[in-house]
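**Student:** I'd like to ask you about the structure that follows.
Residue numbers (the numbering used here): -6 to 79.
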């Protein structure tokens, strides 16, 4: 069943009203924000996973290697805390 031109015009007007509705706009903005935060969390998780797999398990690391790994872990923790509070 095809819609008539007036029905299509009414449907278009209704769509535009919904797009301008502040509640729908707010919901869309919130959804976008959550999607971005989730992507950042996944990226952070992947960085931590990679770091965990590359840590030395055979013998003691050098002082500079241990310091670099510590700095990477600290950086990931800071990013995680920032993400947690957004």
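Idealized CB from N, CA, C, for every residue including glycine.
Output the boundary residues of the alpha helix (DSSP H) element that contains residue 15.
**Tutor:** Counted from its first residue, the chain shown places residue 15 at position 22. First-last of the alpha helix (DSSP H) with residue 15: 15 to 47.
**Student:** So which of 21, 26, 33, 58 has the shortest CA-CA distance to residue 74?
**Tutor:** In the chain shown, residue 74 corresponds to position 81, counting from 1. Nearest C-alpha to residue 74: 33.
**Student:** Quick one: Cα of residue 41 to Cα of residue 18, how far?
**Tutor:** In the chain shown, the residue the question calls residue 41 occupies position 48. In the chain shown, the residue the question calls residue 18 occupies position 25. Their Cα atoms are separated by approximately 35 Å.
**Student:** Compute the Euclidean distance between the alpha carbons of residue 45 and residue 66, then round it to the nearest angstrom.
**Tutor:** Here residue 45 refers to the residue found at position 52 when the chain shown is read from its first residue. Here residue 66 refers to the residue found at position 73 when the chain shown is read from its first residue. Distance between the alpha carbons of residue 45 and residue 66 is about 9 Å.
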